[in-house]
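Participant: Input: one structure, supplied below.
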């Protein structure tokens, strides 16, 4: 393997490690927000808190959990493909590059959406009279 391919391989590996860490952290945040919403539901007063908006927030949490899990699985799959490529000396071929490019867009989109959601759920929870 030449020097340039080796550098690219290291870059891809480090980037995948960063994404994996960010996605695992997002899963922990989803657990936290879900637990907090569950606590809110225990004291939910229908006259003060809209159950529909509460269910919508919970639905979004479940969406982010599914999306995070899917992205983590895709990272594992691409890592396995890259490892196979290293064994067969066809590392970072065209297909790997396209997969990585797609994953880069998906992770960037996820992180932007999740950042926005975190802001919204914070505002939602602070606005609840239960707290």
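Numbering (the working numbering), first residue to last: -13 to 117.
C-beta atoms are modelled at their ideal positions from N, C-alpha and C, and glycine is treated no differently.
1. Select from 62, 20, 87 the residue whose C-alpha is nearest the C-alpha of residue 46.
2. Closest to residue 93 by C-alpha separation, out of 55, 71, -5, -8, would be which residue?
3. Does the separation of the CB atoms of residue 63 and residue 9 fall below 8 Å?
4. Mark residue 113 as exposed unless 16 or more other C-beta atoms lie within 10 angstroms of its C-beta, in which case mark it buried.
5. Name the two residues that bound the continuous alpha helix (DSSP H) containing residue 87.
6. Using alpha carbons as the reference points, say which of 91, 4, 43, 37 lies closest to residue 17.
7. To the nearest angstrom, how far is it from the Cα of residue 61 to the Cα of residue 108?
8. Taking Cβ to Cβ, would you say residue 11 is nearer than 8 Å to residue 111?
9. Which residue's Cα is closest to the Cα of residue 100: 80, 36, 85, 13?
10. Look up residue 0 in the DSSP assignment and say whether it is helix, strand or coil.
11. Does DSSP classify residue 76 as helix, strand or coil?
Facilitator: Looking at the coordinates:
1. Taking the first residue of the chain shown as 1, we reach residue 46 at position 60. Looking at the Cα atoms, 20 is the closest of the given residues.
2. Along the chain shown, read from residue 1 onward, the residue named residue 93 stands at position 107. With distances taken between Cα atoms, residue 93 lies closest to 55.
3. Along the chain shown, one-based indexing puts residue 63 at 77. Along the chain shown, one-based indexing puts residue 9 at 23. Taking 8 Å as the Cβ cut-off, residue 63 and residue 9 do not qualify as a contacting pair.
4. Residue 113 sits at position 127 when you count from the first residue of the chain shown. Residue 113 should be labelled exposed.
5. Counting from one through the chain shown, the residue named residue 87 turns up at place 101. 80 to 112 is the span of the alpha helix (DSSP H), which, as asked, contains residue 87.
6. Working through the chain shown from its first residue, we reach residue 17 at position 31. Closest by alpha carbon: 43.
7. Looking up residue 61 in the chain shown gives position 75. Looking up residue 108 in the chain shown gives position 122. A straight-line Cα-Cα distance of about 29 Å links residue 61 and residue 108.
8. As a working note, residue 11 is residue 25 in the chain shown. As a working note, residue 111 is residue 125 in the chain shown. Not in contact: residue 11 and residue 111 (Cβ atoms no closer than 8 Å).
9. Taking the first residue of the chain shown as 1, we reach residue 100 at position 114. Residue 13 is the option with its Cα nearest to residue 100.
10. Along the chain shown, read from residue 1 onward, the residue named residue 0 stands at position 14. Looking at residue 0 - three-state DSSP - the assignment turns out to be helix.
11. What you label residue 76 is simply residue 90 of the chain shown in a count that begins at 1. Secondary structure at residue 76: coil, using DSSP grouped into helix, strand and coil.
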